[in-house]
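Working notes, beginning with the structure itself.
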Amino acid sequence: MNVAGIFARPLQLAPSGFAGQVRFATKKAGGSTSNGRSSLPKHLGVKSGNGMLVVPGTIIVRQRGTSWHPGPGVGIGRDHTLHALVEGRVVFRYDLKTQRRIICVSDESGAEAPLVGYASRTETKKRLADAVDAQHYLSLDSVGRYQYVLGLAKKLAEEEDVRKRELLEKRLVRPERGAFKLVDLTML
Numbered sequence: 007m008n009v010a011g012i013f014a015r016p017l018q019l020a021p022s023g024f025a026g027q028v029r030f031a032t033k034k035a036g037g038s039t040s041n042g043r044s045s046l047p048k049h050l051g052v053k054s055g056n057g058m059l060v061v062p063g064t065i066i067v068r069q070r071g072t073s074w075h076p077g078p079g080v081g082i083g084r085d086h087t088l089h090a091l092v093e094g095r096v097v098f099r100y101d102l103k104t105q106r107r108i109i110c111v112s113d114e115s116g117a118e119a120p121l122v123g124y125a126s127r128t129e130t131k132k133r134l135a136d137a138v139d140a141q142h143y144l145s146l147d148s149v150g151r152y153q154y155v156l157g158l159a160k161k162l163a164e165e166e167d168v169r170k171r172e173l174l175e176k177r178l179v180r181p182e183r184g185a186f187k188l189v190d191l192t193m194l
C-alpha cells in the first residue's frame with residue numbers, strides 16, 4: 007500500500023459520515039447530449055461552370071456574401087445566390103476597373119457588348135504587371151505608386167473595352183446580313 011498517496015490529500019468526511027479519503031472522477035462521464043449538433047451541409051459553390059448552357063432559373067453559384075457579382079443576364083437572390091435570367095452560356099470574368107469577379111450569361115444573339123473577350127483575373131493582373139514601368143514605379147512614393155497603378159488599370163480597361171467593341175462588331179457583321187452599327191443608347 008502506498009502510504010505517501012494516502013496522506014497526499016487531506017481527509018474529508020464522506021457523505022456517509024465516514025472520515026476517509028474521497029475519490030473524485032478523473033474522467034467526465036460519457037454522454038451523447040453534447041454530440042450530434044453539427045449543422046446540415048449548405049451545398050455552397052459553383053453549380054454551373056464557365057461555358058455551360060443554362061436556362062432561366064438555373065442556379066449558377068450559391069454563396070454567402072457576394073464573392074461573385076451578377077452581370078448581364080444574371081440575377082441575385084436574397085441569400086446572394088446567382089441565377090440565370092436568360093438562356094445562354096455562363097461567362098466568368100474579372101473586371102479590373104471595379105476589381106470584382108462577375109458572372110454573365112451570354113445569349114447567342116451577340117446583342118450584349120460586355121460579354122465578348124473578357125480576360126480572367128490572372129491574365130488581367132499579368133497585363134497590368136507587364137504595363138508597369140519598374141524604374142518609374144520605384145521612384146514614386148506610396149500615394150504616387152497607387153495613383154500610377156490605378157491610372158494604368160483605367161487605361162488597360164479602356165483598351166479592353168475598345169477591343170471588345172471591335173470583336174463584337176466583327177462578330178455581328180456576317181455575310182448573310184448587312185452591316186450592323188452598334189449604338190450606345192445609355193446616354194440618351
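Count along the sequence shown from 1, then add 6; that gives the number in the numbering used here. Using N, Cα and C, we set each Cβ at its ideal position, and we do this for glycine too.
Once the 5 residues before and after ARG127 are set aside, which same chain residues still bring their CB inside 8 Å of it? TYR100, ARG107
Residues that GLU112 bridges to, as DSSP identifies them: According to the sequence provided, residue 112 is Ser. The question's Glu does not apply to it. Answer by DSSP bridge pairing, in chain order: ARG95.
Any idea what DSSP makes of GLU175, helix, strand or coil? helix
Can you tell me whether DSSP reads ARG70 as helix, strand or coil? coil
Rounded to the nearest angstrom, what separates GLY77 and ASP147 at their Cα positions? 36 Å
In this structure, does DSSP put ASP3 in helix, strand or coil? Given a span of 7 to 194 for the chain in the structure shown, any question on residue 3 remains unanswerable.
How many whole angstroms separate the CB atoms of LEU102 and LEU162, which I take to be in contact at a CB cut-off of 8 Å? The distance from the Cβ of LEU102 to that of LEU162 is about 6 Å, consistent with a contact at the 8 Å cut-off.
Given a threshold of 16 other Cβ atoms within 10 Å of its Cβ, counted over all protein chains shown, does LEU121 qualify as buried or as exposed? Here the model assigns LEU121 a pLDDT of 41, short of 50, so the residue's position is not dependable, and the following value carries that caveat. Burial call: buried.
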